[in-house]
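One structure is given here, and the rest of the page talks about it.
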Amino acid sequence: MTHRRSFLRHLGGLVGAPAFGTLWKVREAFARELQDVALQQPDPASFAALRDRYMLSPGVTYFNHGSIGTIPRSVHDAQVAYLRVCESNPWLYMWGGEWEEPRERVREKAALILGCDPVEVSFTHNTTEGFNTLARGLSLGPGDEVLFGSLNHAGASLCWHHNAPVKGFTVRQFDFPLLDIPGITVPEILDVYDANISDRTRVLVLPHIDNVVGLLHPVKEITQLARSRGVDIIAVDGAQSVGMLEVNMHDLDVDVYCTSPHKWLQSPKGLGLMYVKRDLLDGISPMWVTWGQQRWNGTARVFEDYGTRNLAEVITLGDAIDFQLSLGAEAKARRYRELWGAFRAAATQTDRVIWRSPESWSMGSSLYALEIRGKPSTDVFESMYSDHGFVFRAFRTPQLNTVRISPNVFNTEEEIERFFALVETL
């Protein structure tokens, strides 16, 4: 195998240069597309114009980035161009080492937005894969407890239930007070976690922003509390946070953080990121292994599924990150708050709607739950989508009957006004 790779690297030097040059031409073309991407504010026309950089059908009003995000046209075009380069000689580009350096540059960009070191970043396929790697790979057994609340996503929860009978550890879920969410405070959230952590809790799993009501968890404070109570591992579901808000792993001091770039980073689908604190890298057994695995010891790459991988998509992730950075973190945060404010104000001006998310922006996010009085949320979605092209998420639980709205920066106040006008007719 080592001989084969050496041979391929040699061939790369002989015949790979023209196509490799094409790859960098793709990057140059993409860079030109970014020159006028930055959000202009306060200019509503710029947000509507930004929508034209995406490929949404004209009749679709997209309020569902919390499920799966839209991809900018320029990012998609780069992805297609990389695939063309790859298919010009897939034997060379998948195995010949030509894309190893570009891939590692993407890892550096991912580390930049995660606020960590590149050796702590693993390319997965989604958030669920990261948590499955953790649940399978941690050394847990009888006497150990994994704890999480009812706001946890299934992708960060079911893997623990699946592995518990095999390893002998226990899983405990507590009910998070959903109906108290609108007025909840940081001290009250800490009280919930403090009341549920036990002497046996070894792993605490929590969302940074949950996918139901969009509560922004005070992760740093929860981590400090959990460590003071003797919890060894704090694992965070960041599927709804990375790309929506700025994060820093070293500041949060968590041990594992998993995210799905296809949501708020607007990357190609089928990509994920997992941060593993350097001190924990040797404490998780990889879910899968391949030849040469020892070369990656001491880095999070041991958790990746190489050999053959979707390298064109991984490289495109770097372009998706560049697109988001070009929009500007402060401008994005301001726009998310404006949209939240517009939805919140409209919801309070009608008796048809109950706001089920945090009433304070400091506790909220660009993801919020609305109850339409007297209407099942599934019926609301079916009507609004089939008749008017609105895309969002319906939730039906024993406590909630809500539609979840998760707009991105290109959504407009006019779309919000139209949404509430139609709600009045339901």
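In terms of my numbering, the sequence shown opens at residue 336 and continues consecutively.
Where is the CB? At the ideal position from N, CA and C, for every residue including glycine.
Just so we're clear, the structure is a prediction, and the values are computed from it rather than from any experiment.
Report the option in P621, Y528 and R537 whose CA atom is closest to the CA atom of K555.
-> Y528
Would you tell me roughly how many angstroms separate the C-alpha atoms of R613 and P542, rounded to the nearest one?
-> R613 and P542: Cα-Cα distance of roughly 21 angstroms.
If you follow the beta strand (DSSP E) that E736 is part of, which residue opens it and which one closes it?
-> The question names Glu, but residue 736 is Asn in the sequence shown. N736 to I740 is the span of the beta strand (DSSP E), which, as asked, contains N736.
Counted within 10 angstroms of its Cβ, other Cβ atoms place N746 as buried (16 or more) or exposed = Classification of N746: buried, given that the 10 Å Cβ count is 16 or more.
Coil, strand or helix - P353 by DSSP | Model confidence at P353 stands at a pLDDT of 48, short of 50, so the residue's coordinates are unreliable; what they give is reported in the following sentence. It is helical.
In chain order, what residues of the same chain lie with their CB nearer than 7 angstroms to the CB of L469, ignoring the 5 residues before and after it?
-> Closer than 7 angstroms at the Cβ level, and outside the excluded window around L469, lie A570, V591 and I619.
Every unbroken beta strand (DSSP E) within the region 597-666, with a cutoff of 3 residues, ordered by chain | 607-611
Give the single residue among P522, Q734 and R644 whose Cα lies nearest to the Cα of P512.
-> Q734
DSSP beta-bridge partners for V540?
-> F483 and A570
Could you round the C-beta distance between T685 and E759 to whole angstroms and report it? I think they count as a contact, below 8 angstroms.
-> 7 angstroms
Go ahead and pull the three-state DSSP assignment for T520.
-> coil
Apart from the five residues on each side of it in sequence, which residues of its chain come closer than 6 angstroms, Cβ to Cβ, to A413?
-> V361, F365, T651 and D654
What are the partner residues of V726, as DSSP defines its beta bridges?
-> Y397
Exposed or buried, which one is P393 when buried takes at least 16 other CB atoms within 10 Å?
-> exposed
Helix, strand or coil at R438 according to DSSP, with G and I counted as helix | helix
Touch check for the region 498-508 and the region 474-490: three-plus C-beta pairs under 8 angstroms?
-> Between the region 498-508 and the region 474-490 there are three or more C-beta pairs closer than 8 angstroms, enough to call the two in contact.
Same chain only: Cβ atoms within 7 angstroms of G724, ignoring 5 sequence neighbours per side = G394, V395 and T396
On the three-state DSSP scale, how would you describe T459?
-> Three-state DSSP puts T459 in a strand.
A756 to R691 span [Cα, whole Å] = 19 angstroms
Got a sec, what are the start and stop residues for the beta strand (DSSP E) F511 sits in?
-> Element bounds for F511: n/a, residue is neither H nor E.
Pull up the distance between the alpha-carbon of L551 and that of R438, whole angstroms please.
-> 32 angstroms
Going by the beta-carbon positions, is the gap between I662 and A373 smaller than 9 angstroms?
-> Here residue 662 is Leu; the residue named in the question, Ile, does not match the sequence. Yes; because the gap between Cβ atoms is below 9 angstroms, this pair is in contact.
What are the boundary residues of the alpha helix (DSSP H) that L705 is part of?
-> Looking at the DSSP string, L705 is not in any alpha helix (DSSP H); the run it does join, the beta strand (DSSP E), is Y703 to I707.
Span of the alpha helix (DSSP H) holding Y417?
-> R408 to S423
Given a cut-off of 9 angstroms, decide if A635 and V456 are closer than it, judged by their beta-carbon atoms.
-> yes
Which residue from D534, V415, T459 and S695 puts its Cα closest to that of S563?
-> D534
How many Å lie between D714 and E363 at the Cα?
-> 47 angstroms
Range of the contiguous beta strand (DSSP E) that encloses C593 | V591 to T594
Three-state secondary structure (DSSP) at V744?
-> coil
Reduced DSSP secondary structure (H/G/I, E/B, other) of R731 = strand
Cα-Cα, which of G607, A574 and V611 is closest to I568?
-> V611
Determine the extent of the alpha helix (DSSP H) in which I557 is found, giving its start and end residues.
-> V554 to S563
How should G404 be labelled, buried or exposed, when 16 other C-beta atoms within 10 angstroms of its C-beta is the threshold for buried?
-> When all chains shown are included, G404 counts as buried.
Taking DSSP as the reference, what is the three-state secondary structure of L374?
-> coil
Does V649 come within less than 9 angstroms of chain C when only Cβ atoms are used?
-> Absence of chain C from the displayed structure is noted, only one protein chain being present.
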